Amino acid sequence: MKKSTKFMMGIALLSVIIGIIGIGFSLNRFEKTRLRDELSLPTNANTLTIEIKKGSQLDLNITQTSNPTIQLNEDGFIPQDISYELSEIDKKWHLELENHPVEQKDTVIGFYSPSLNSIHIQLPKQVTHLNIVTHEGDHPNIHVSNMSLASLNTNTSSTNLRLNNLKLDEIKTQQLSGTITIDQSTIYKDTNIESNESATYFYHSKFLEKTLIESSEGNSQLFANQFDDVTVLNEKGIISFENNSGNTTLKNEYGDIYLINPKDTSQNKVTNTKGNIFVTLLEGHEAQQTIKIDNPKTDVQAFDTATIVKNNEPAAIQLSTQSGAIQLMQFKIDKDASDKDSHDTYYYLDKTPIDNNRADYLSFDTLYYASDCFVQLP
14 MKKSTKFMMG IALLSVIIGI IGIGFSLNRF EKTRLRDELS LPTNANTLTI
64 EIKKGSQLDL NITQTSNPTI QLNEDGFIPQ DISYELSEID KKWHLELENH
114 PVEQKDTVIG FYSPSLNSIH IQLPKQVTHL NIVTHEGDHP NIHVSNMSLA
164 SLNTNTSSTN LRLNNLKLDE IKTQQLSGTI TIDQSTIYKD TNIESNESAT
214 YFYHSKFLEK TLIESSEGNS QLFANQFDDV TVLNEKGIIS FENNSGNTTL
264 KNEYGDIYLI NPKDTSQNKV TNTKGNIFVT LLEGHEAQQT IKIDNPKTDV
314 QAFDTATIVK NNEPAAIQLS TQSGAIQLMQ FKIDKDASDK DSHDTYYYLD
364 KTPIDNNRAD YLSFDTLYYA SDCFVQLP
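Residue 14 is where the sequence shown starts when you use my numbering, and the numbers rise one by one after that.
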């Protein structure tokens with residue numbers, strides 16, 4: 014290797030080392046400005062409102078701690094200028110967070126693209142009533158997890174709200190757009206979810222009293238939950254109700270409704286004004302599922318073992334639509350085939366495969382959950 018080449022390689026290596034050291038010093042300086050703080054509450058304080066001030070782009074990760082104080086920890090590549098104010102309002106405590114835009118003039122890292130910084134808020138167990146507030150124009154992600162609360166109330170705008178592994182006496186949410194997800198949680202009393210364009214997702218959770226989900230345009234997907242009594246009201250969004258238990262009322266105006274594998278012990282009332290209704294039963298469960306169709310003029314297609322009752326006979330599944338079609342489908346499982354090679358088929362009355370419908374173009378997957386086979390919407 015030529016001496017000039019070795020010299021140039023040495024210069025390049027030295028530049029890289031100096032750059033790494035410089036970034037290290039910068040990050041160390043940034044780390045000193047990162048939000049790390051503890052806040053004390055009076056021992057009798059059990060209600061807290063957490064508010065992101067309008068215009069502040071922040072994500073929140075809220076959990077519970079055994080410590081007696083509120084702990085604030087900022088997560089993110091480059092710390093932001095974040096301030097907070099803890100105050101008492103009408104004998105209830107209020108924590109406001111604000112992110113002040115700041116320009117980083119002395120350090121520019123080419124591959125770095127700024128994103129929302131996240132504040133990890135750990136609350137003491139004495140906080141049993143939690144309220145969360147965001148404002149129109151902001152788009153935060155809020156994750157509440159691993160907590161036990163008497164009540165959770167959220168009043169948010171365009172927010173992605175995820176509730177995971179919670180035990181709540183009751184919950185009430187009001188949201189304009191974004192997503193609302195409840196996963197692996199237990200709600201002991203009433204659940205009330207109101208949204209405009211938000212998509213709602215309920216997975217693997219227990220709702221022990223009445224549940225109400227209202228939306229104008231957002232889709233609702235409820236999968237593998239245990240309900241006592243649930244009502245889902247929509248106007249234009251799709252309702253997918255799959256592998257759930259409990260007495261059920263599903264109502265829509267224009268969007269389609271999918272009722273998949275309702276439990277044998279559940280009463281299901283499905284009403285659609287102008288949208289379609291699709292009901293899918295698992296092979297071997299048809300005998301326990303009687304079906305009543307309120308409008309005899311409705312265009313109905315059904316597989317051959319569907320039990321459709323007449324007149325005023327009782328039925329576990331009641332279907333009604335003014336102008337949409339009703340399709341009753343059967344999910345047949347090839348038990349001799351492996352999971353990888355199995356071919357799942359839906360049939361109509363004449364045994365011809367279903368074409369050009371949701372079951373076809375969404376490609377349902379066969380999954381196994383709690384030793385039962387069922388269909389899962391993507």
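Beta carbons are placed, not taken as given, at the ideal position from N, Cα and C, and that holds for glycine. Only a predicted model underlies this, so the values are computations on that prediction, with no experimental measurement involved.
Identify whether residue 48 lies in helix, strand or coil by the three-state DSSP scheme. As a first step, residue 48 must be located in the sequence shown, where it is residue number 35. Three-state result, residue 48: coil.
Out of curiosity, what's the CA-to-CA distance linking residue 64 and residue 138? Locating residue 64 in the sequence shown gives position 51, where the first residue counts as 1. Locating residue 138 in the sequence shown gives position 125, where the first residue counts as 1. Those two C-alpha atoms are separated by around 19 Å.
So residue 224 and residue 199 are supposed to be a Cβ contact under 8 Å. How far apart are they, rounded? Residue 224 sits at position 211 when you count from the first residue of the sequence shown. Residue 199 sits at position 186 when you count from the first residue of the sequence shown. At roughly 12 Å, the Cβ-Cβ gap does not stay under 8 Å, so residue 224 and residue 199 are not in contact.
Where the beta strand (DSSP E) containing residue 148 begins and where it ends: Position 135 of the sequence shown, counting from 1, holds the residue named residue 148. Note, residue 148: premise wrong, no beta strand (DSSP E); not H, not E.
Helix, strand or coil for residue 61, going by three-state DSSP, please let me know. Stepping through the sequence shown from its first residue, residue 61 is reached at position 48. Residue 61: strand per DSSP, three-state reduction.
Exposed or buried, which one is residue 335 when buried takes at least 16 other CB atoms within 10 Å? Taking the sequence shown and counting its residues from 1, the one referred to as residue 335 is at position 322. That one is exposed.
Under the criterion of a Cβ to heavy atom distance below 7 Å, does residue 226 qualify as lining the ligand PLP? Ligands displayed in this structure: none; no statement on the ligand PLP is therefore possible.
How long is the line joining the alpha carbons of residue 42 and residue 94, rounded to whole angstroms? Reading the sequence shown from its first residue, position 29 is the one you call residue 42. Reading the sequence shown from its first residue, position 81 is the one you call residue 94. With a pLDDT of 44 at residue 42, under the threshold of 50, the modelled position of that residue is not reliable, and the figure given next carries that caveat. If I take the Cα positions, the gap works out to 14 Å.
The beta strand (DSSP E) enclosing residue 218, as first and last residue numbers: Translated into positions along the sequence shown, residue 218 becomes position 205. Neither: residue 218 is in no beta strand (DSSP E) and is coded neither H nor E.
Keeping to the same chain, check which residues put their C-beta closer than 8 Å to that of residue 197; ignore five residues upstream and five downstream. Locating residue 197 in the sequence shown gives position 184, where the first residue counts as 1. The residues are 177, 178, 216, 217, 218.
Does the distance from the C-beta atom of residue 192 to that of residue 165 stay below 8 Å? By 1-based counting over the sequence shown, the position of residue 192 is 179. By 1-based counting over the sequence shown, the position of residue 165 is 152. No; because the gap between Cβ atoms is not below 8 Å, this pair is not in contact.
Start and end residues, beta strand (DSSP E) containing residue 84: Residue numbering aside, residue 84 sits at position 71 when the sequence shown is read from its first letter. From DSSP, the beta strand (DSSP E) with residue 84 extends over 83–88.
Residue 26, DSSP secondary structure in three states: The residue labelled residue 26 in the question sits at position 13 within the sequence shown. It is helical.
Taking Cβ to Cβ, would you say residue 304 is nearer than 8 Å to residue 341? Working through the sequence shown from its first residue, we reach residue 304 at position 291. Working through the sequence shown from its first residue, we reach residue 341 at position 328. A contact, by the Cβ cut-off of 8 Å.
Just to confirm my understanding: we take residue 81, look at its own chain, exclude 5 residues before and 5 after, and list those with CB closer than 6 Å. What are they? As a working note, residue 81 is residue 68 in the sequence shown. If we look at residue 81 and ignore the five residues flanking it on each side, its Cβ neighbours are 137.
According to the Cβ coordinates, are residue 392 and residue 285 closer than 8 Å? As displayed, the chain neither begins before 14 nor continues past 391, which places residue 392 out of reach and without an answer.
Cβ contact check for the stretch 97–104 and the stretch 138–157: 3 or more pairs under 8 Å: no
So who's on the other strand from residue 180, going by DSSP bridges? The residue you call residue 180 lines up with position 167 of the sequence shown. Paired residues: 161, 199.
Here's a check: name, in chain order, each residue in its chain whose Cβ is nearer than 6 Å to the Cβ of residue 311, leaving out the five neighbours to either side. Residue 311 sits at position 298 when you count from the first residue of the sequence shown. Hits under 6 Å: 334, 339.
Could you name each continuous alpha helix (DSSP H) segment of 4 residues or more that falls completely within the stretch 203–257, going from the start of the chain to the end? none
Return helix, strand or coil for residue 271, following the three-state DSSP convention. Start at 1 with the first residue of the sequence shown, and residue 271 comes out as number 258. Strand.
Which residue wins for smallest C-alpha separation from residue 52, given the options 271, 229, 140? Numbered from its first residue, the sequence shown carries residue 52 at position 39. Taking only the C-alpha atoms, the option nearest residue 52 is 140.
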